[in-house]
Amino acid sequence: MRITVTGHHDEITRRRIRRAAGDAHVAFASDPAEGIEHADAVVGNVPDPLLARASRLRWVHSPSAGVDAVLSEKLLASEVILTSSTGNGAIPLAEHAMMLMLMLNRDAPRWLRAQSERRWDRYVHGELAGRTVGLYGLGNAGLDLAAKAKAFRMRVLGMRRLPGATAPGVDELLGQDDFPRLLAESDFVVVTAPLTAATAGRFGRKAFAAMRPTAFFVCVSRGGIADDAALFDAVREGEIAGAGLDAHAVEPLPRESPFWRLPNVIVTPHNGATTEETARRGFDIMLDNVGRFARGEPLRNIVDKAAGY
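The structure is reproduced here in structure tokens:
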């Protein structure tokens, strides 16, 4: 059995991976094309042209939580199992969303502008307690955010593709047909869903028009779930109060993007989950799966390729 691990790893990391793999042979490669014909598994992305050569390939592990950039049409059509590192960045993403909600609610950029001008600027601002947050997506990050929002005494609405009876920290669990209600009742609409065929462009002109003019839109998972032109118009024209954007349809966000100039938009560079702990948790998930694969045990975080996550 041969497991190919792509990327650059120091010797200590390589020893840990080899130890987890047991009797399986681990090959380290900067490019997945190296020895792809003999690989039973690959940690990293396998481009479509290589899949035809990978006759032995049974498993691919994505080091990232989202797989929209990895799940190609050929991989989707194949019998190769795809796993991800989903959950590794849930904690910091939820923290980032809370930070954006607090900054938007209190108009923190106004304080920062005043500080840069050495100006004492006191004003009446909002508070999160008693507000309603609508979570579009209740995976690991959404559920962690629900718990944090409840600690701030917020009312939490949660929407997921396959709703169960309850979800921790969520006051009301909504189905896809309840999307208009999520928009109409939320003071903050936070996107924590993956980018899939079903979620792409879900927030368009009709969605933003259905939100309260005092409500804020926050996206910390993937750009492309919102239509950028519709979002820009909604913010500029006062259909919604503002936005906090860590994920963008085009990244890096181009210098000419109009979002940079809107005073009621906070832009961060898809940086919400860039922590050492995120990397450690992702590595631990990969390490566990390497051992499971080598021992013939069920893998963690198997992606539903049809659903896209």
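When we follow my numbering, the leftmost residue of the sequence shown carries the number 1, and every step to the right adds one.
Quick reminder that beta carbons are idealized off the backbone N, C-alpha and C, glycines included.
Continuous alpha helix (DSSP H) stretch holding residue i: start and end
{"i": "V235", "result": "D228 to R236"}
{"i": "F259", "result": "Counting along the chain, F259 falls outside any alpha helix (DSSP H), and DSSP gives it neither H nor E."}
{"i": "E277", "result": "E276 to R295"}
{"i": "E185", "result": "F179 to E185"}
{"i": "L50", "result": "D48 to L51"}
{"i": "L75", "result": "E73 to A77"}
Residue from the options with nearest C-alpha to residue i
{"i": "R16", "options": "R280, S64, K305 and V303", "result": "R280"}
{"i": "R53", "options": "W59, P63, G35 and P252", "result": "G35"}
{"i": "P32", "options": "D23, A41, L57 and T6", "result": "T6"}
{"i": "L57", "options": "R155, D48, V42 and P63", "result": "V42"}
{"i": "R155", "options": "V133, A197, W120 and L76", "result": "V133"}
{"i": "T274", "options": "L51, N88 and D171", "result": "N88"}
{"i": "D233", "options": "I225, A243 and G224", "result": "A243"}
{"i": "R295", "options": "T4, L71, L76 and G22", "result": "G22"}
{"i": "D10", "options": "R222, S30 and R118", "result": "S30"}
{"i": "P298", "options": "L82, D48, C219 and G158", "result": "L82"}
{"i": "V198", "options": "I225, P213 and A215", "result": "Looking at the sequence provided, one finds Ala at residue 198 rather than Val. Looking at the Cα atoms, I225 is the closest of the given residues."}
{"i": "R160", "options": "L135, P168 and V26", "result": "L135"}
{"i": "N105", "options": "D288, F216 and V303", "result": "F216"}
{"i": "V190", "options": "A108, F152, T4 and R222", "result": "R222"}
{"i": "F152", "options": "G139, D107 and G126", "result": "G126"}
{"i": "P254", "options": "N45, S72 and P269", "result": "P269"}
{"i": "R2", "options": "A39, R292 and D177", "result": "A39"}
Limits of the unbroken beta strand (DSSP E) element including residue i
{"i": "G244", "result": "G242 to L245"}
{"i": "A41", "result": "A41 to V43"}
{"i": "H38", "result": "No beta strand (DSSP E) contains H38, which DSSP labels as neither H nor E."}
{"i": "E172", "result": "E172 to L174"}
{"i": "V190", "result": "F188 to V191"}
{"i": "L82", "result": "I81 to T83"}
{"i": "V60", "result": "W59 to H61"}
Helix, strand or coil at residue i according to DSSP, with G and I counted as helix
{"i": "M152", "result": "Met is not the amino acid found at residue 152; the sequence shown has Phe there. F152 falls in the coil class under three-state DSSP."}
{"i": "I17", "result": "helix"}
{"i": "R205", "result": "helix"}
{"i": "R106", "result": "coil"}
{"i": "H25", "result": "strand"}
{"i": "W111", "result": "helix"}
{"i": "G137", "result": "coil"}
{"i": "I3", "result": "strand"}
{"i": "H9", "result": "coil"}
{"i": "I266", "result": "strand"}
{"i": "M159", "result": "strand"}
{"i": "L128", "result": "coil"}
{"i": "L253", "result": "coil"}
{"i": "I302", "result": "strand"}
{"i": "I225", "result": "coil"}
{"i": "H96", "result": "helix"}
Check: residue i C-beta below 7 Å from any heavy atom of the ligand ADP
{"i": "W111", "result": "You won't find the ligand ADP in this model; it holds no ligand whatsoever."}
Cβ-Cβ separation, residue j to residue i (assumed contact under 8 Å), whole Å
{"i": "A184", "j": "A207", "result": "Contact flag wrong, Cβ pair sits at about 11 Å."}
{"i": "Y309", "j": "V60", "result": "Between V60 and Y309 the Cβ distance is about 15 Å, and since that is not below 8 Å, they are no contact."}
{"i": "D187", "j": "R131", "result": "4 Å"}
{"i": "A146", "j": "G158", "result": "6 Å"}
{"i": "D107", "j": "A114", "result": "Not a contact, Cβ separation roughly 11 Å."}
{"i": "V220", "j": "N264", "result": "Their Cβ separation, rounded to whole angstroms, is 18 Å, which puts V220 and N264 out of contact at 8 Å."}
Classification of residue i by the beta-carbon crowding that lies within 10 angstroms, buried from 16 upward
{"i": "V250", "result": "exposed"}
{"i": "A247", "result": "buried"}
{"i": "D228", "result": "buried"}
{"i": "I266", "result": "buried"}
{"i": "N271", "result": "exposed"}
{"i": "T166", "result": "exposed"}
{"i": "G137", "result": "buried"}
{"i": "R110", "result": "exposed"}
{"i": "G282", "result": "buried"}
{"i": "V369", "result": "One cannot answer for residue 369 here, as it falls past the ends of the chain, which runs 1 to 309."}
{"i": "I285", "result": "buried"}
{"i": "P49", "result": "exposed"}
{"i": "P194", "result": "buried"}
{"i": "G139", "result": "buried"}
Cβ of residue i within 8 Å of any chain B Cβ
{"i": "T13", "result": "You won't find chain B in this structure, because it holds only one protein chain."}
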